[in-house]
Amino acid sequence: MWAVSRPSARPNRPPSSGAHPPPPFNALAARRLRAALGMGPHHVAHTLRASYGLPYVTPDLVVAWERGTAAPSHSELAALAGVLWCSPGELIGRPRTLREHRVARGLAPEDVARAVGHELQAYLRMEETGRWHGTERQSAALTELLALSPADVVTVTGREDRLAELLRSAATTRWQAYVRPVSKVVPLERRPVERALQRLHQDYQGHMAATLSWGGGHGDAGDGGREFLDRIVEHFWTAVERGGG
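If you're matching positions, the sequence shown starts at 1 in UniProt numbering and goes up one per residue.
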């Protein structure tokens with residue numbers, strides 16, 4: 001009967017080139033999917049070696065993936081999805097980058113480039129840099145192909161830092177002045193942007209007032225305000241989902 005080796009044992013795995021960080025791996029989903037198929041880690045490792053050309057995969061490595069102490073590379077994750085009879089997206093946590101969203105959908109770079117009307121090398125450069133360069137039509141095609149939410153669109157197109165900058169200003173000054181600039185960054189109609197910015201402003205001001213009342217010091221208020229602003233993009237999308245009210 002197969003037994004897990006000591007936790008200190010390190011799987012015999014080829015060194016990573018470091019070119020692409022591994023996708024966010026959902027270790028719990030992998031373990032549940034394997035158990036549902038009645039497979040042990042040794043079965044998964046054997047199939048990855050025999051059918052997917054990964055001769056270095058051992059039961060130890062599979063266990064390390066499922067424990068979250070190691071993460072499969074993009075190619076390893078695609079092979080693991082084949083073994084577990086699922087889509088790569090079921091093994092990925094919340095995708096953030098353009099590459100991660102593509103892998104989650106089980107698409108090759110050629111598929112995406114062709115669907116959105118980009119040359120392959122141009123598309124690959126966008127994945128490398130994290131900066132999307134496309135027309136409105138191409139952006140709409142990308143959004144549909146990868147089933148991107150508005151928040152995903154902002155992230156994969158490299159506009160999250162700009163959005164955070166605008167939102168901090170809207171929360172701390174006159175929010176009305178930032179409706180149009182924010183609307184140019186996020187794929188939303190003007191009205192939900194207005195409601196979300198108003199909510200952010202009110203929440204920030206209320207947070208500051210409460211902190212002053214409870215803490216009794218401006219230093220505490222400043223710390224509380226900075227914490228709110230550090231998560232301003234998250235607060236914005238929450239306000240959008242709630243309708244700003």
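For each residue, glycine too, the CB sits at the ideal point set by N, CA and C. In this text, all values refer to a predicted model and were calculated from it rather than measured experimentally.
Sheet register partners of residue i (DSSP bridge)
i	result
I92	F25
Option in the options with minimal Cα separation from residue i
i	options	result
H42	A29, V57 and L28	V57
A151	M208, G40, F25 and L188	L188
L54	A36, R34, A64 and S75	S75
E234	Y178, T155, T173 and R174	T155
R67	S149, L28 and V186	L28
R49	L37, L80 and A64	L80
R242	L200, A170 and R102	L200
R162	R190, R131, L107 and V62	R131
P192	Y178, Q205 and Y204	Y178
S149	T173, H101, P109 and M126	H101
L167	T157, V182 and V153	V182
H46	V62, L142 and T135	V62
Y204	R190, E194 and T173	T173
G82	Y52, S73 and D111	Y52
G106	A78, E128 and G117	A78
R226	P72, A171, V44 and E128	A171
Residue range of the alpha helix (DSSP H) that includes residue i
i	result
S87	First-last for S87: undefined, no H or E at that position.
T238	I232 to E241
V182	V179 to V185
V63	P59 to R67
A78	H74 to V83
R174	Here R174 belongs to no alpha helix (DSSP H), and DSSP marks it neither H nor E.
Y56	Neither: Y56 is in no alpha helix (DSSP H) and is coded neither H nor E.
Sequence-distant residues of the same chain with beta carbon closer than 6 Å to residue i, five excluded per side
i	result
D230	none
G93	P24 and N26
L145	A115
P95	H101 and A104
I232	A164, L167 and R168
A70	A64
Other residues of its chain near residue i: CB distance less than 7 Å, five sequence neighbours each side excluded
i	result
A196	F236, A239, V240 and G244
A113	E119, L120 and Y123
G219	A caution first: G219 carries a pLDDT of 48, below 50, which makes its placement in the model unreliable, though a value can still be read off. Here the set comprises nothing.
A140	none
L133	Checking the sequence, you will find His at residue 133 rather than Leu. M126.
G158	G130, R131 and W132
T97	G130 and V156
S87	A81 and G106
Residue i beta carbon near the ligand HEM (any heavy atom closer than 7 Å)
i	result
W85	Ligands in the displayed structure: none, and consequently the ligand HEM is not present.
Close beta carbons around residue i, own chain, < 8 Å, minus the five adjacent residues each side
i	result
A30	W65, E66, L80, L84 and L91
V185	V154, R159, R162, L163 and L166
L37	L84 and W85
Quick check on the DSSP output: what are the complete beta strand (DSSP E) runs of length 3 or more inside the segment 90 to 167, in order along the chain? none
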